[in-house]
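Asks: Just so you know, the protein sequences line up as chains C and H, in that order. Quick note on my numbering: the first sequence kicks off at 3 and runs consecutively. Quick note on my numbering: the second sequence kicks off at 3 and runs consecutively.
Protein chains: 2
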Amino acid sequence: MAVPLQLFPLNGLPMIKPGDDLPGLLLRVLTENNLRIEDGDILVLAQKIVSKAEGRIYKLSEIEPSAEARRIAETTEKDPAFVELVLRESAEVLRTRPGTLIVRHKLGFVCANAGIDHSNVSGPEGTGDDYVLLLPVDPDGSANSIKERIEKETGKIIGVLIIDSHGRAWRLGTVGTTIGIAGFHALVDLRGWEDIYGYKLRITQVAAADELAGAASLIMGQAAERIPAVLARGYPYPLSSGSVQELVRPKDMDLFR
Amino acid sequence: MAVPLQLFPLNGLPMIKPGDDLPGLLLRVLTENNLRIEDGDILVLAQKIVSKAEGRIYKLSEIEPSAEARRIAETTEKDPAFVELVLRESAEVLRTRPGTLIVRHKLGFVCANAGIDHSNVSGPEGTGDDYVLLLPVDPDGSANSIKERIEKETGKIIGVLIIDSHGRAWRLGTVGTTIGIAGFHALVDLRGWEDIYGYKLRITQVAAADELAGAASLIMGQAAERIPAVLARGYPYPLSSGSVQELVRPKDMDLFR
């Protein structure tokens, strides 16, 4: 008998600043929201709060754009210093158009602007258009250390998912998407499972972590700073270990080229 | 204060056959699952049960493949009659490779095999590899008529979402994806919303219906025939009207070409 999937918003998380003890703050708001961690729960975190806690804030006026960054900035109508940071974070530029810069991030996955966020970033001197926020250096590692700390404090086995809003090649609108994961598989392989007629399933790989990312993103809304953390209960697959690398489409299977 | 998002599996739906009264069966299993429809609920249905109720079952041995279908069947290593049906359902072929046939469906969206499903289809003479299942002719219309019938019987205002499993150009694994919608917007426009610093949000369009599709798909699992219907409660955006066409990326914005 299938059980419900429930996603609880963690209301009341304070504004995260570089150096903040994010797992400690999460444990506090869990209590404030009358939620007690159970085995099998998954904490879903907006990338922004993880990046901020890790101090991944850069000041554009301190970045010297390269010639390539200036050239791409012209094509894409973006700030050259911003493009310079995107290039430093990227393994490969895939598409440039006015308003659009799609890259393969050094972490392997494809996204716009290497996931660098302009809005809602404050630096040491306050808030301004001059500050941008980069993805965590190692989002799987970030997820793992948050997981270990919360497991140590609660004695429960959990998963942690770090998500961002990504566009799609073929459809309009962004959806919540995995950028880091710990404690469960991003990709679920159903090979060998049979349907009710005994047919072997043909679509065998489900991006279950991305489906959960979408679910949590619905609650976070786009103003993810307001509710940047969600507790998911009733995730239907067993916890184990995982990496965002499971979702990276190898170049020879790339449908984009 | 944000509220939880809850997704309840509708256990016990019988095998759907052509001509079945799907809304009536859904109302019955809702009761059997001790769920009472509330205003704002969204019923999420696997495409398969809608297609089956509508009799969208074809027998491959009765399909005469065209020369183009035979050519593409060779490239993609697929059955020529199957490819013929894909072509009839498609506006445009986008990618052909061994094992892969990506098209723009006549309905506008991009998907593999025009959404035609081979597994778990039974015809009038039983079950076999010879039967395939096509998408509903008008999934928005299907969603709308299910919505109207259930609203009439319950007196509540609801949404209906019809979903399928789609691959992505840039990432491995399938995710639950909208193919038909009624009663709420597929794309939520957050233009003009401000974040907590007063910055206008830059990512303004969220494919909220696809995020919900992913959430429901998690519960359905890939063996969607077992739990092909999910009740979603706590959807954070207001109900209104909607169409899958909101999610179709116009050709001039296509990031794929």
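Here a beta-carbon is modelled for each residue, glycine too, at the ideal position from N, C-alpha and C.
With a cut-off of 8 Å on the beta carbons, I'd call H/H187 and H/E248 a contact; round off their distance for me.
Replies: The pair is a contact, with the Cβ atoms about 6 Å apart (cut-off 8 Å).
Asks: Tell me which residues share the same chain as C/C108 and place their Cβ nearer than 7 Å to its Cβ, disregarding the 5 neighbours each side in the sequence.
Replies: Before going further, note that residue 108 of chain C is Lys rather than Cys in the sequence given. Around C/K108: E91, S92 and A93.
Asks: Under a CB-based cut-off of 8 Å, is C/E91 close to chain H?
Replies: No, C/E91 does not count as interfacial toward chain H.
Asks: Is the Cβ-Cβ distance between C/K158 and C/E40 less than 8 Å?
Replies: Cβ atoms of C/K158 and C/E40: closer than 8 Å.
Asks: Since H/R170 meets chain C, which of its residues come closer than 7 Å, beta carbon to beta carbon?
Replies: Per Cβ cutoff of 7 Å: R170.
Asks: Going by DSSP, what residues sit across from C/G94 in a beta bridge?
Replies: What sits at residue 94 of chain C in the sequence shown is Glu, not Gly. Answer by DSSP bridge pairing, in chain order: C/R106.
Asks: Applying a beta-carbon distance threshold of less than 7 Å, which residues of chain H neighbour C/S219?
Replies: What C/S219 touches in chain H: E213.
Asks: Output the distance between the C-alpha atoms of C/A231 and C/L45, rounded to the nearest integer angstrom.
Replies: So the two alpha carbons sit approximately 7 Å from each other.
Asks: State the Cα-Cα distance for the pair C/D166 and H/F84, rounded to the nearest angstrom.
Replies: Near 38 Å, if we compare the C-alpha coordinates of H/F84 and C/D166.
Asks: Count the other CB atoms within 10 Å of the CB of C/E155; is the residue buried (16 or more) or exposed (fewer)?
Replies: So C/E155 ends up on the exposed side.
Asks: So what's H/S243 in DSSP terms, helix, strand or just coil?
Replies: Coil.
Asks: With DSSP collapsed to three states, give me the class of H/P252.
Replies: H/P252: coil per DSSP, three-state reduction.
Asks: Comparing alpha-carbon positions, which option in H/S243, H/L37, H/N13 and H/E66 lies nearest H/V162?
Replies: The residue with the shortest Cα to Cα distance from H/V162 is H/S243.
Asks: So, helix, strand or coil for H/A48, using DSSP?
Replies: Of the three classes helix, strand and coil, the one that applies to H/A48 here is strand, per DSSP.
Asks: Could you check whether the Cβ of C/P11 sits closer than 8 Å to any Cβ belonging to chain H?
Replies: Interface residue, yes.
Asks: May I ask you to list, following chain order, the residues of the stretch 7-31 of chain H that have a beta carbon less than 7 Å from some beta carbon of chain C?
Replies: Within the stretch 7-31 of chain H, the residues whose Cβ lies closer than 7 Å to some Cβ of chain C are L7, Q8, L9, F10, P11 and N13, listed in chain order.
Asks: Which term fits H/S53, buried or exposed, when burial requires 16 or more other beta carbons within 10 angstroms of its beta carbon?
Replies: The residue is buried, with at least 16 neighbouring Cβ atoms inside 10 Å.
Asks: Along chain H, which residues have their Cβ under 8 Å away from the Cβ of C/T33?
Replies: Near C/T33 there are no residues of chain H at all, since even the closest Cβ is about 16 Å away, more than 8 Å.
Asks: Taking only three categories from DSSP, how would you classify H/P11?
Replies: Strand at H/P11.
Asks: With distances taken Cα to Cα, identify the nearest neighbour of H/A211 among H/Y237, H/K253, H/P11 and H/K80.
Replies: Among H/Y237, H/K253, H/P11 and H/K80, the Cα nearest to that of H/A211 belongs to H/Y237.
Asks: State the CB to CB distance for the pair H/V208 and H/V190, rounded to an integer number of angstroms; the pair is presumed to be in contact (CB under 8 Å).
Replies: That pair is a contact at about 5 Å.
Asks: Count the other CB atoms within 10 Å of the CB of H/G185; is the residue buried (16 or more) or exposed (fewer)?
Replies: H/G185 is buried by the Cβ-count criterion.
Asks: List the endpoints of the continuous beta strand (DSSP E) containing C/R260.
Replies: Since the first residue shown for chain C is 3 and the last is 259, residue 260 of chain C is missing from the structure and cannot be characterised.
Asks: Using three-state DSSP, classify H/K19 as helix, strand or coil.
Replies: Coil.
Asks: Can you tell me the Cα-Cα spacing of H/G117 and H/V105, whole angstroms?
Replies: Answer to the nearest angstrom: the Cα atoms are 9 Å apart.
Asks: For the beta strand (DSSP E) that C/K59 lies in, which residues bound it at each end?
Replies: The question names Lys, but residue 59 of chain C in the sequence shown is Ile. Start and end: I59 to K61.
Asks: Which residue's Cα is closest to the Cα of H/I221: H/L12, H/P6 and H/D140?
Replies: Considering only alpha carbons, the answer is H/L12.
Asks: Return the first residue and the last residue of the alpha helix (DSSP H) that C/V31 is part of.
Replies: Its alpha helix (DSSP H) spans residues L24 to E34.
Asks: Taking the Cβ atom as the reference point for each residue, do C/L137 and C/V112 lie within a distance shorter than 8 Å?
Replies: Their beta carbons are not under 8 Å apart, which means C/L137 does not touch C/V112 by this criterion.
Asks: Find the residues of chain H that neighbour C/P100, judging by a C-beta separation of less than 9 Å, and give them in chain order.
Replies: The contacting residues do not exist; C/P100 stays about 11 Å from chain H at best.
Asks: Would you call the CB atoms of C/R251 and H/R173 closer than 8 Å?
Replies: Yes; because the gap between Cβ atoms is below 8 Å, this pair is in contact.
Asks: Just how far apart, CA to CA, sit C/E76 and C/G175?
Replies: If you take the alpha carbons of C/E76 and C/G175, they lie about 25 Å apart.
Asks: Using a Cβ-Cβ cutoff of less than 8 Å, which residues in the same chain neighbour H/G110 once the five nearest sequence positions on both sides are dropped?
Replies: Excluding residues within five positions, the ones whose Cβ falls inside 8 Å are A93, V246, Q247 and V250.
Asks: Taking the DSSP output, what are the residues bridged to H/S219?
Replies: DSSP lists no partner for H/S219.
Asks: So, is the C-beta of H/R58 closer than 8 Å to a C-beta in chain C?
Replies: No, H/R58 lies away from the interface with chain C (no Cβ there is under 8 Å from its Cβ).
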